[in-house]
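*Asks:*
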Amino acid sequence: MSLVSPLGILWLSSIIISSSEGLCCFQWTRFDREQSAVCQRSCLRIRGGNDGGDEKNASVQEEDPHMLNVWDIAIDAADKNGKKLRDQFAKAVMQGSSNILEHLTKQDEGTEGVQSEIEGEQRERKNEEIGDVQQDIKVVQGKIEGVQGKIEGVQQEITDVLRRMQDQNDQMLKEVHMQLVQQLVAYQQQLVEDKKQLVEDKKQLVAYQQHLIDREKLLLDKDKLVEGLIPHPVQLRDSMSRPEGETELNVAIMGTNRTYASWHAKFLERALDYRMRRKGFTG
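Taken in order, the sequence shown gives residues -22 to -1, 1 to 261; the numbers are from mature numbering (1 follows the signal peptide of the UniProt record, and there is no 0).
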């Protein structure tokens, strides 16, 4: 009995030690930072070695021996400063978004100013310029019609005088009628010149009216251009799901956050994998 008891104790101790080492190695495969650190300390205590040096040289002797320390420092720095780096990254993103929003705000203010200017010019155009030009065209057209009526009236007078001349046998009266006809013809010619000038004035007014219409079209095109500068919610394809009303800026911020998180996770995964290979774990 005195021999069985010590042997039994040693047998149980070896089972416990083997189980602990197996459990520790299993925990390494989980890539959990805190549990891995605890497991590492447990393994060191059980083995009685210094960070598994026996397995290190046997597993990857051809690699740079200093790389282990480099990766250790990188992992520790990433763990300790991960939150700080993420906070700095988020702060930088939010600062950038603040600058973008400030720019968009100024753009909105500029848009409102341009819109007010457009509306003011439109009111001025409708109430003053186009109305005044249209009225001037009507006035000139009335004058043209009036002159045309006078020309026709003078022509009728000339016809009447010539008919009376033919009816007169008195030479003196014929000469008087001839002078009257000449005066009427000269007056008629003056009316024709006046009509030509009025027609030219009307032509210029119509051209100016067309200029105003073209400017109206230009202002409308400018209005459409300004409308295109106003930020609107992003219209994504149906295959892409996102919250309603999300803007391009929010999409960009979330994309950079996801990029950083993905990079950080891949870095830790590669670093931990390298450390495990250095220690001889393949799980």
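Cβ atoms here follow ideal geometry from the backbone N, Cα and C, with glycine treated the same way.
(1) Could you check whether Val163 and Leu140 sit closer than 8 Å to each other, using their CB atoms as the reference points?
(2) Report the residue from Gln157, Gln167, Lys128 whose alpha carbon sits nearest the alpha carbon of Met143.
(3) Using the rule of at least 16 other Cβ atoms within 10 Å of the residue's Cβ for burial, across every protein chain shown, is His189 buried or exposed?
(4) Report the rounded CA-to-CA distance for Glu123 versus Asp110, giving the unit in angstroms.
(5) Flag this pair as yes or no: are the beta carbons of Lys174 and Ile115 separated by less than 8 Å?
(6) Thinking Leu169 and Lys128 are a contact (beta carbons under 8 Å), I'd like their distance in whole angstroms, please.
(7) For Ile183, collect the residues of the same chain with a Cβ closer than 7 Å to its Cβ; drop the 5 residues on either side in sequence, then sort them by chain order.
(8) Considering only residues of the same chain and omitting the five flanking positions on each side of Ile136, which have a CB-CB separation below 8 Å?
(9) What does the alpha-carbon distance come out to for the pair Gln133 and Met150?
(10) Rounded to the nearest angstrom, what separates Glu130 and Asp138 at their Cα positions?
*Replies:* Walking through what the data contain:
(1) Taking the sequence shown and counting its residues from 1, the one referred to as residue 140 is at position 162. Taking the sequence shown and counting its residues from 1, the one referred to as residue 163 is at position 185. Not closer than 8 Å, so no.
(2) For the purposes of this step, residue 143 is identified with residue 165 of the sequence shown, where counting begins at 1. Answer by Cα proximity: Gln157.
(3) By one-based count along the sequence shown, residue 189 stands at place 211. Looking at its Cβ environment, which holds fewer than 16 other Cβ atoms inside 10 Å, His189 is exposed.
(4) Here residue 123 refers to the residue found at position 145 of the sequence shown. Here residue 110 refers to the residue found at position 132 of the sequence shown. If you take the alpha carbons of Glu123 and Asp110, they lie about 20 Å apart.
(5) Looking up residue 174 in the sequence shown gives position 196. Looking up residue 115 in the sequence shown gives position 137. Taking 8 Å as the Cβ cut-off, Lys174 and Ile115 do not qualify as a contacting pair.
(6) Stepping through the sequence shown from its first residue, residue 169 is reached at position 191. Stepping through the sequence shown from its first residue, residue 128 is reached at position 150. Indeed, because the Cβ distance is near 5 Å, the residues count as touching under 8 Å.
(7) Counting from one through the sequence shown, the residue named residue 183 turns up at place 205. Reading off the sequence shown, one finds Leu at residue 183, where the question assumed Ile. Same-chain partners within the cutoff: Val111, Asp114, Ile115, Val118.
(8) Counting from 1 along the sequence shown, the entry for residue 136 is found at position 158. So the qualifying residues of the chain are Val159, Leu162, Val163, Gln166.
(9) Start at 1 with the first residue of the sequence shown, and residue 133 comes out as number 155. Start at 1 with the first residue of the sequence shown, and residue 150 comes out as number 172. So the alpha carbons of these two residues sit roughly 23 Å apart.
(10) If you number the sequence shown from 1, residue 130 lands on position 152. If you number the sequence shown from 1, residue 138 lands on position 160. Taking the straight line from one Cα to the other gives about 12 Å.
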